[in-house]
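In the working numbering, the protein residues as written are 327 to 459.
To keep things clear, I will list the structure first and then write my remarks on it.
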């Protein structure tokens, strides 16, 4: 197994947490410092609902151009639809290893939705695609 010898030790404390806007206006994001520590190989962030309700591109069919994406639900629930899989609702304690490039869309999220997401690389792109089928 190879190791990333140029990665740095990082600790991100809750007391110093900074929540910012990110990919979606309906969520706040807390970067956990993994992007800088891994020189952009990964991003790890907390994502939480912020009470906004406007629509955005992620509610359309889209893909993420990445090599790894894992989502662990810390609170609440969300329903997504995945190509060749169908609708799935994830709830507190559930974890998804979302395969790279799978077309999907958000159907609904709870007001208290919060997740930990880890993605590689950190600078992945989100691309709107045509609906499957």
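For glycine and all other residues, C-beta sits at the position ideal for the given N, C-alpha and C.
Q. Where DSSP assigns a beta bridge to residue 274, which residues make up the other side?
A. Absent from the model: residue 274. The displayed extent of the chain is 327 to 459, so no value can be given.
Q. Thinking C-alpha only, which one of 365, 340, 437 and 440 is nearest residue 332?
A. For the purposes of this step, residue 332 is identified with residue 6 of the chain shown, where counting begins at 1. Per the Cα distances, 365.
Q) Nearest to residue 500 by alpha carbon, out of 420, 426, 405 and 377? A) Residue coverage of the chain in this structure runs from 327 to 459, which leaves residue 500 outside it and unanswerable.
Q. Which residues share a DSSP beta bridge with residue 350?
A. Taking the chain shown and counting its residues from 1, one reaches residue 350 at position 24. In the DSSP output, where bridge partners are listed per residue, residue 350 has none listed.
Q: Could you pull the start and end residues of the alpha helix (DSSP H) that residue 361 belongs to?
A: Here residue 361 corresponds to residue number 35 of the chain shown, with the count starting at 1. Here the alpha helix (DSSP H) through residue 361 covers 360-363.
Q) Per DSSP, what kind of secondary structure is residue 327 in: helix, strand or coil? A) In the chain shown, counting from the first residue as 1, residue 327 sits at position 1. Residue confidence is low: residue 327 scores 43 on pLDDT, short of 50, so the model does not pin down where it sits. No coordinate-derived value is stated.
Q. Is residue 409 near residue 458, with beta carbons less than 9 Å apart?
A. Counting from one through the chain shown, the residue named residue 409 turns up at place 83. Counting from one through the chain shown, the residue named residue 458 turns up at place 132. Result yes, Cβ atoms of residue 409 and residue 458 sit closer than 9 Å.
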